[in-house]
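Notes to accompany the following structure.
Protein chains: 2
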Amino acid sequence: MTREEIDIIIREAIPDDAEQIAAALQQVGRETPYLVMDGTGAAIEVEELAQNLAELYDSINNVLMVAIVNGKIVGTASVSASNKRRMEHLGEVGISVLKDYWGFGLGRAMMDSLIDWAAESGIIRRLELTVQKRNQRAIQLYEKVGFQTEAVMPRGAKTDDGEFLDVCLMSLLID
Amino acid sequence: MTREEIDIIIREAIPDDAEQIAAALQQVGRETPYLVMDGTGAAIEVEELAQNLAELYDSINNVLMVAIVNGKIVGTASVSASNKRRMEHLGEVGISVLKDYWGFGLGRAMMDSLIDWAAESGIIRRLELTVQKRNQRAIQLYEKVGFQTEAVMPRGAKTDDGEFLDVCLMSLLID
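Protein chains in written order, with our numbering: chain A, 125 to 299; chain B, 125 to 299.
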């Protein structure tokens with residue numbers, strides 16, 4: 125695939141995306157050692173996911189975006205926030221891209237969209253995320269869009285072999 | 125109430141505690157400005173809670189403890205951990221005491237019990253918690269039992285008046 129052939133769309137997910145999103149998330153879980161999900165565990169129920177997507181679409185402080193390349197969903201980016209008033213301004217960021225599509229700038233494009241969405245939400249005032257310290261490529265991306273490391277958490281995660289990993293807590297204030 | 129009259133028990137919660145725990149948590153939500161819960165929102169269903177307590181009691185990396193003073197549940201302390209393998213060793217601590225019972229050392233007693241439980245669990249290897257920076261009494265307690273501040277998070281919470289608050293991330297490694 126040459127870069128010229130790529131047609132990229134970043135947009136909010138809708139209920140009809142449920143099947144493709146479930147498949148993408150399961151694949152990411154199998155492919156990456158950097159996330160909590162590991163490809164095992166309960167398969168995501170498509171119908172339940174479609175219902176969740178409808179609720180996310182209507183939420184003022186939650187969002188799920190998808191990256192679509194040549195018609196296929198190959199990445200997701202989300203902001204999750206509480207409905208509790210004391211925490212409603214606090215958005216937790218999650219982002220994933222299928223391995224075959226790493227290096228095409230999809231992560232950056234989705235992060236830019238998430239930050240724009242947060243700024244326009246009028247309610248999100250802090251974005252935060254956690255990332256394994258060994259995942260330097262992701263950390264560099266987050267730094268490029270303005271995130272700062274607030275803490276390095278020892279034993280914040282562990283590998284499938286039981287080795288403990290440092291995890292960085294990063295944040296970006298939204299004004 | 126003089127200190128001599130107090131009979132204190134700290135123990136793991138059982139399903140029969142559900143009604144008293146629900147009442148205590150609701151009261152705490154109304155009384156304290158330091159927690160996420162604020163006394164509004166869906167009341168806790170006693171039956172559902174009893175079911176949860178049964179699951180917690182059987183869990184190897186989750187626990188809910190109660191502080192009982194003269195037969196009444198006046199405080200709770202919990203460790204919540206994921207069933208995902210990559211995060212199963214990571215316990216999030218939550219603790220609450222009814223206002224009338226502040227200053228009697230219940231928080232300290234429950235924290236000691238939680239830490240002992242974590243050390244004996246064989247699976248929990250890091251305890252973490254978040255606490256509003258203005259809640260200095262709680263922070264001093266956590267420091268006394270060994271927790272260290274890893275980060276001060278700007279806008280980590282907000283008051284009911286919309287004022288942003290710093291929140292401390294604290295952790296304790298369990299070996």
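C-beta atoms are modelled at their ideal positions from N, C-alpha and C, and glycine is treated no differently.
_Beta carbon of Arg250(A) nearer than 8 Å to that of Gly218(A)_ = In this structure, Gly218(A) does not lie closer than 8 Å to Arg250(A) by Cβ.
*Where does Glu252(A) fall in DSSP's three states?*
The answer is strand: DSSP assigns Glu252(A) an E or B state.
*Are Thr200(A) and Ser220(A) closer than 8 Å when you measure CB to CB?*
Ser220(A) sits close to Thr200(A), with the two beta carbons spaced by under 8 Å.
*Using alpha carbons as the reference points, say which of Asp285(B), Val152(B), Glu129(B) and Met189(B) lies closest to Met235(B).*
That would be Met189(B), whose Cα lies nearest to the Cα of Met235(B).
*Select from Leu296(B), Ser245(B), Gly246(B) and Ala275(B) the residue whose C-alpha is nearest the C-alpha of Glu267(B).*
Restricting attention to Leu296(B), Ser245(B), Gly246(B) and Ala275(B), the CA atom closest to the CA of Glu267(B) is found in Leu296(B).
*Using alpha carbons as the reference points, say which of Gly231(B), Lys282(B), Gly280(B) and Val276(B) lies closest to Val269(B).*
Selected option, being the one with the closest Cα: Gly231(B).
*At what residue ranges does the stretch 175-228 of chain A contain a whole run of the beta strand (DSSP E), taking only runs of 3 or more?*
Listed in chain order, they are 187-193, 196-204 and 214-221.
*By a C-beta neighbour count over all protein chains shown, 10 Å radius and 16 as the cutoff for buried, is Arg135(A) buried or exposed?*
Arg135(A) is exposed by the Cβ-count criterion.
*Distance, Cα to Cα, Leu253(A) vs Glu155(B)?*
Those two C-alpha atoms are separated by around 31 Å.
*Taking Cβ positions only, does Asp285(B) come closer than 8 Å to chain A?*
Against chain A, the CB of Asp285(B) has no partner CB under 8 Å away; the residue lies outside that interface.
*Check whether the Cβ atoms of Asn185(B) and Ile247(B) lie closer than 8 Å to each other.*
Their beta carbons are under 8 Å apart, which means Asn185(B) touches Ile247(B) by this criterion.
*asked:* On the criterion of 16 or more Cβ atoms from any shown chain inside 10 Å, does Val276(B) qualify as buried, or is it exposed?
replied: When all chains shown are included, Val276(B) counts as exposed.
*In this structure, what does DSSP give as the bridge partners for Asp291(A)?*
According to the sequence displayed, residue 291(A) carries Val and not Asp. As computed with DSSP, Val291(A) is found in a beta bridge with Gln256(A) and Met277(A).
*asked:* Out of Ala233(A), Phe228(A) and Glu274(A), which one is the CA nearest neighbour of Ser202(A)?
replied: Of the candidates Ala233(A), Phe228(A) and Glu274(A), the one whose C-alpha sits nearest the C-alpha of Ser202(A) is Ala233(A).
*For Ala242(B), collect the residues of the same chain with a Cβ closer than 7 Å to its Cβ; drop the 5 residues on either side in sequence, then sort them by chain order.*
Only Val203, Gly215, Ile248, Leu251 and Ile298 meet the Cβ criterion.
_Interface partners of Ser295(B) on chain A, CB under 7 Å_ = Here the neighbours are Met277.
_Partner residues on chain B for Ala281(A), Cβ-Cβ distance less than 7 Å_ = The answer, in chain order, is Arg210 and Met211.
*Assuming Lys257(A) and Leu289(A) form a contact by the criterion Cβ under 8 Å, report the distance between their Cβ atoms to the nearest whole angstrom.*
With 8 Å as the limit, Lys257(A) and Leu289(A) qualify as a contact, their Cβ atoms being about 7 Å apart.
*Answer with yes or no whether the minimum CB distance from Arg249(B) to chain A is below 8 Å.*
It does: the Cβ of Arg249(B) has a partner Cβ on chain A nearer than 8 Å.
*If we ignore side chains and look at the alpha-carbon of each, how far apart do Leu159(B) and Asp285(A) end up?*
Spanning the alpha carbons of Leu159(B) and Asp285(A) requires a straight line of approximately 36 Å.
*Own chain, CB closer than 8 Å to Asp141(B), minus 5 neighbours either side, in chain order*: Closer than 8 Å at Cβ, skipping near neighbours: Leu177, Val190 and Ile197.
*Along chain B, in chain order, which residues have C-beta atoms closer than 7 Å to that of Glu274(A)?*
Neighbours of Glu274(A) on chain B, chain order: Ala275 and Met277.
*asked:* The beta strand (DSSP E) that contains Glu136(B), what's its start and end?
replied: Note, Glu136(B): beta strand (DSSP E), Ile132 to Glu136.
*Would you mind sorting Asp227(A) into buried or exposed? The rule is 16 or more other CB atoms within 10 Å of its CB.*
One detail in the question is off: residue 227(A) reads as Gly in this sequence, not Asp. Counting Cβ neighbours within 10 Å, Gly227(A) comes out exposed, since fewer than 16 surround it.
*asked:* Less than 7 Å between C-beta atoms, sequence neighbours within five positions excluded: which residues of the same chain meet that for Glu143(A)?
replied: Excluding positions up to five away in sequence, the list reads Val170.
*asked:* Going by DSSP in three states, Leu265(A) sits in which element: helix, strand or coil?
replied: Reduced to three states, the DSSP call for Leu265(A) is helix.
_Rounding to the nearest angstrom, what Cα-Cα distance links Glu244(B) and Leu238(B) in this structure?_
In this structure, the alpha-carbon of Glu244(B) lies about 10 Å from that of Leu238(B).
*Return the first residue and the last residue of the alpha helix (DSSP H) that Asp236(B) is part of.*
Here the alpha helix (DSSP H) through Asp236(B) covers Leu230 to Ser245.
*How should Ile130(B) be labelled, buried or exposed, when 16 other C-beta atoms within 10 angstroms of its C-beta is the threshold for buried?*
Exposed, since its Cβ has fewer than 16 Cβ neighbours within 10 Å.
*Enumerate in chain order the residues of its own chain whose CB-to-CB distance from Gln151(B) is below 7 Å, with the five nearest sequence positions on each side excluded.*
In chain order, Leu222 place their CB closer than 7 Å to the CB of Gln151(B), counting only its own chain and leaving out the 5 sequence neighbours on each side.
*In terms of DSSP beta bridges, what is Gln150(B) paired with?*
Looking at the DSSP assignment, Gln150(B) forms no beta bridge with any residue, so it has no partner.
_Strictly under 8 Å for the Cβ-Cβ distance: is Leu253(A) near chain D by that measure?_
Absence of chain D from the displayed structure is noted, the protein chains being A and B.
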